[in-house]
Amino acid sequence: MAGFNKVVNSYGEAMAGLEDNMTVIAGGFGLCGIPEGLIKEIKNKATRGLTVVSNNCGVDGFGLGILLEDKQIHKMVASYVGENALFEQQLLSGELEVELTPQGTLAEKMRAGGAGIPAFYTATGVGTVVAEGKDIKQFAGRDYVLEPSIVGDFAIVKAWKADRYGNCIYRHTAMNFNPMAATAGKITVVEAEEIVEPGELEPSQIHTPGIYVQRVIQGQFEKRIEKRTVRGA
Amino acid sequence: MALTREQMAQRVAQELRDGYYVNLGIGIPTLVANYVPKGIDVMLQSENGLLGMGEYPLEAQVDADMINAGKETVTARTGAAIFNSAESFAMIRGGHVDLTVLGAFEVDQNGNIASWMIPGKLVKGMGGAMDLVAGAKNIICTMTHASKHGDSKLLTQCSLPLTGVGCINKVITDLALLEIKDGAFHLLERAPGVSVEEIKAKTQGKLICPDQVPEMQF
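Those protein sequence lines, which keep their order, are chains A and B. Just add 3 to wherever you are in the first sequence, counting from 1, and you've got the working numbering. Just add 31 to wherever you are in the second sequence, counting from 1, and you've got the working numbering.
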């Protein structure tokens, strides 16, 4: 009996069931807090036609950027995609579709999707291209735009520590979109730096309760730094 | 003389008040952190999920898990808090951030701002800018008054795709400090040595000037 034990032992098992044309929600901000091994597994599986929902699309050769190499992404939903030459190429050639979404709206779309809220009103984007063709409603004299939420076939998440039941803790700003993504996957896979026994994490310190998580895998992380800025001693 | 980027940041910093929670955009706004007036305490919000952004780390402190919204390695100051992206934007959209400082390509006399997209050039995305302009109570836009070619960036109506509508109330440029209200730019201060005539010539939108326009003090 597996009970609540969600640990899988291979990346193949972790991403089993991912098929062409599915939607994958990925946690991370830039290269910080990204599920590196799960992204590599998607590349290895050569799954195509994916809709990927993530704040950014990695960089050339690292993070979600590697899924561009074999044109696995059909559509990218993101707030900022400026760090990537291959992205630019495929966008201009029409091979890649992009839905630019304000960062807060993107986080809320994931949060709402995971919370069973099909859409929400926000002031963000009113009067801009983001609101074009969408329902506008006034509350207390101000216009708000109706934004649909997002649910993924898969969500891929990077945690610092996860227990075998899928309870997760994130570290520093590597948290970012990961807790939202975790709630919004039909299958949520957590790649953790460290897997611990149930009871080792303090219950009141858990960021993502295990109920949202279907699979947990021990990860290997390079943790590449995008912009190393330091001050003199 | 037109202000340098550092002087612009310095003038923006004079708008900070003790106890403010502040979000600083990328570029000149980032420099504002270097000029926080003595004797006041402000807390910097970084929209990737950090309230209380500190200095850049020493080489030995660099941590891949500790970055700001510009993806630079940073530290957290004493009393900082770290949270997820939805929480971060709840602060922003809920109007809890006291002041937002951001750059722009254009602003207009109705407080509209265009800062994220130039048609024909590659569009990288709006990041958190649309959320920030829609949510902040108090926004200062800092930018050069005119382009390199001398074209005004303070317009009757923005020509580029908008980031937000009717949201900018203060602009600090290399030439002047202006308030936007009632469909016009109101000239409040000029950079030292810059004439009102020059500001008039470089402001395409409706500009209201009092008889006496004081120079900025540093």
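Each residue gets a CB set at the ideal place from its N, CA and C atoms; glycine is no exception. All figures in this text were calculated on a predicted structure; none of them were measured in a lab.
Close to chain A, meaning a Cβ-Cβ distance shorter than 9 Å, are the following residues of the segment 109–125 of chain B: I113, F114, N115, S116, A117, E118, S119, F120, A121, I123, R124. A residue is called buried once 16 or more other Cβ atoms fall within 10 Å of its Cβ, and H180/B, having fewer, is exposed. Taking CB atoms only, D94/B has a neighbour in chain A less than 8 Å away.
For K201/B, the closest alpha carbon among the candidates T173/B, A177/B, T187/B is that of T173/B.
Every beta strand (DSSP E) of 3 residues or more that sits fully in the segment 78–114 of chain B is shown, in chain order, as 81–84, 107–113. Residue pairing by DSSP places I211/B opposite F216/B in a beta bridge. Per DSSP, reduced to three states, the secondary structure at Q248/B is coil, with no helix or strand assignment.
The beta strand (DSSP E) runs lying completely inside the segment 60–103 of chain A and spanning 3 residues or more are 76–81, 100–103, given in chain order. Excluding the 5 residues flanking it on each side, Q221/A has same chain C-beta neighbours closer than 7 Å at A195, I198, in chain order.
For K102/B, the chain A residues whose Cβ falls inside 9 Å of its Cβ are F32, G33, L34, C35, N59, E86, I228, E229, K230, in order along the chain.
An exposed status is given to G97/A, since fewer than 16 other beta-carbon atoms sit within 10 Å of its beta-carbon. Contact annotation for Y87/B against chain A: T232, V233, R234 [CB-CB distance below 9 Å, chain order]. In this chain, the alpha helix (DSSP H) harbouring Q38/B covers 36–44.
Comparing alpha-carbon positions, the option among Y51/B, E137/B, F120/B lying closest to M183/A turns out to be F120/B. Counting only the Cα atoms, V63/B lies some 14 Å from L34/B.
P38/A is classed as buried because its beta carbon has at least 16 other beta carbons within 10 Å across all chains shown. Apart from the 5 residues on each side of it in sequence, P151/A sits with its Cβ closer than 6 Å to the Cβ of A122 in its chain, given in chain order. For M157/B, the closest Cβ of chain A is nearer than 8 Å.
D162/B carries a helical assignment under DSSP once its states are collapsed to helix, strand and coil.
Shown in chain order are the members of the segment 125–142 of chain A whose Cβ falls below 7 Å from a Cβ of chain B: T125, A126, T127, G128, V129, G130, T131, V132, V133.
Sequence-distant partners of G66/A (beyond 5 residues in either direction) whose C-beta falls short of 6 Å from its own C-beta, in its chain, are L34, I37. For E205/A, no Cβ of chain B is located within less than 8 Å of the residue's own Cβ. K184/B is positioned such that its CB atom lies no closer than 8 Å to that of E229/B.
Nearest Cα to N170/A within the set V62/A, I159/A, G144/A, E200/A: E200/A. Within chain A, the C-beta atoms nearer than 9 Å to that of A165/B come from P105, G107, T125, A126, T127, G128, V129, in chain order. Around the beta carbon of M97/B, 16 or more other beta carbons lie within 10 angstroms, which makes this residue buried.
Contact between the segment 201–209 of chain A and the segment 159–177 of chain A is established, with three or more Cβ pairs separated by less than 8 Å.
Unbroken alpha helix (DSSP H) runs of no fewer than 4 residues, entirely contained in the segment 140–209 of chain A, are found at 181–186, following chain order. C-alpha of I170/B to C-alpha of C198/B: approximately 7 Å in a straight line. Under the DSSP assignment, I45/A falls in the alpha helix (DSSP H) whose first and last residues are 39–48.
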